[in-house]
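**Q** In my numbering, the protein residues as written are 202 to 502.
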Amino acid sequence: MKRHFLTLWDLSSEEINRLLKRAMDMKSGIDASKCPLIGKSIGLLFGKASTRTRVSFEVGIYQLGAHSVYLTPNEIQLGRGETTADTARTLSRYLDAVVVRTFGHNLLEEFASHSSMLVINGLSDLHHPCQALADLMTILEKKGRLKDVRVAYIGDGNNVANSLIEAASRMEMNLTVACPEGYEPDSEVFEKAKASAKSEIIILRDPKEAAGRADVIYTDVWVSMGQEKEAEEKIKRLKDYQINSKLLSCAKKDVTVLHCLPAHRGEEITDEIMDGPHSAVFDQAENRLHVQKSLLEMLVV
Ligand code: CP
Ligand code: NVA
202 MKRHFLTLWD LSSEEINRLL KRAMDMKSGI DASKCPLIGK SIGLLFGKAS
252 TRTRVSFEVG IYQLGAHSVY LTPNEIQLGR GETTADTART LSRYLDAVVV
302 RTFGHNLLEE FASHSSMLVI NGLSDLHHPC QALADLMTIL EKKGRLKDVR
352 VAYIGDGNNV ANSLIEAASR MEMNLTVACP EGYEPDSEVF EKAKASAKSE
402 IIILRDPKEA AGRADVIYTD VWVSMGQEKE AEEKIKRLKD YQINSKLLSC
452 AKKDVTVLHC LPAHRGEEIT DEIMDGPHSA VFDQAENRLH VQKSLLEMLV
502 V
């Protein structure tokens, strides 16, 4: 069966280390003129909005010497009822790989099971593994290591949190998730990651307790794509989980603040923190490009 990249478990920790090292070399310009994917074609099938994932993949594919084809479900026959399986079978006859951004993770798995080309998860409701690779690279850049680093994810236990949990388990980082009751990360993802972790992965309620011990504080939007109907309730329930200067005053002096972006400034994070000295959010956004190029070089053959 074809090897896909749908969750962090699809790469070993040794492969992630290698991928991050290569991404850092790429960022510093080593082998910048190398075009390992010349002659390849890579699809981007996006059923949700995107700034970073779309542009970083398109630019990265170009820089590796390959060609990208941007597709949306409504512009191809998928939106008119062609099945997921038939779409995957057909696209596999033209493309060497496809990045898929969709809602249900089961749809992505179904697509991948009928695909003879590489499928990369560009975000589903359950996982965002490309984001987690960029998160790891940014933590490595800022803290000089991954093992034993303490990360506090504060806010909604969503797709980004789920992939961060898997990343922590894989790379021996300590991760504390602080969230209100009912907004925990996916329980299956959490239990599996915890069971195989050599580091500490815990969920608690108090954002100050999580922030106080952290080397890195991470947050994401409270209302993810597709959750617009629950927005009012979620914003109300998560209001004490904002990353602001009061919370940062409980944190270590050299704490790094991450956010996968897009941010809803004034909700999960304030302007003063987003634009302040602890924030590494735009380095993190840039790193999407480097880790994804490294991932494509590793997996597209
Ligand atoms: N972080 C991230 O995936 O951003 P986009 O939704 O803009 O792609
Ligand atoms: N949790 C957010 C991440 C966006 C990159 C969402 O799914 O909308």
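Backbone N, C-alpha and C define an ideal beta-carbon position, used for all residues, glycine too.
Of the choices LEU221, ASP416, VAL299, whose alpha-carbon is the least far from that of LEU334?
**A** Per the Cα distances, LEU221.
**Q** With DSSP run on the structure shown, which of helix, strand or coil describes ALA267?
**A** Three-state DSSP puts ALA267 in coil, outside helix and strand.
**Q** Please check if any C-beta of chain C sits within less than 7 Å of the C-beta of PHE247.
**A** Given the protein chain composition of this structure (a single chain), no chain C is represented.
**Q** By alpha-carbon positions, which one of SER251, ILE262, MET475, VAL350 ends up nearest to SER325?
**A** The shortest C-alpha separation from SER325 is found at SER251.
**Q** Counting only runs that start and end within the stretch 306-370, where is the beta strand (DSSP E) found for 3 or more residues in a row?
**A** Taking only runs of at least 3 residues, the beta strand (DSSP E) segments lying wholly in the stretch 306-370 are 319-322, 351-355.
**Q** Is LEU246 near the ligand CP - that is, is its Cβ less than 6 Å away from at least one heavy atom of it?
**A** No; taking the cut-off as 6 Å, the Cβ of LEU246 has no heavy atom of the ligand CP nearer than that.
**Q** At which residues does the alpha helix (DSSP H) containing HIS491 begin and terminate?
**A** From DSSP, the alpha helix (DSSP H) with HIS491 extends over 482-500.
**Q** Assign ALA379 to one of three DSSP states: helix, strand, or coil.
**A** Reduced to three states, the DSSP call for ALA379 is strand.
**Q** Taking the alpha carbon of LEU300 as the point to measure from, which residue in ALA267, ILE321, VAL378, LEU448 has its own alpha carbon closest?
**A** Correcting the residue type first, residue 300 is Val in the shown sequence and not Leu. Selected option, being the one with the closest Cα: ILE321.
**Q** Taking just the CA atoms, how far does ARG219 sit from GLU342?
**A** Their Cα atoms are separated by approximately 15 Å.
**Q** Run through DSSP, which three-state label would VAL301 get?
**A** Strand, per DSSP.
**Q** Quick check: the Cα distance between GLU468 and ILE355, rounded to an integer number of angstroms?
**A** Distance between the alpha carbons of GLU468 and ILE355: 12 Å.
**Q** Let me know if HIS306 comes out buried or exposed under the rule of 16 or more other beta-carbons within 10 Å of its beta-carbon.
**A** By the 10 Å Cβ count, HIS306 comes out buried.
**Q** Find out if the Cβ-Cβ distance for the pair VAL361, CYS461 is shorter than 7 Å.
**A** Closer than 7 Å, so yes.
**Q** Touch check for the stretch 392-410 and the stretch 237-248: three-plus C-beta pairs under 8 Å?
**A** Flag = no, the stretch 392-410 and the stretch 237-248 do not touch.
**Q** In three-state terms, what does DSSP make of TYR295?
**A** If DSSP states are grouped into helix, strand and coil, TYR295 belongs with coil.
**Q** Look up GLY240 in the DSSP assignment and give the residues it is bridged to.
**A** DSSP lists no partner for GLY240.
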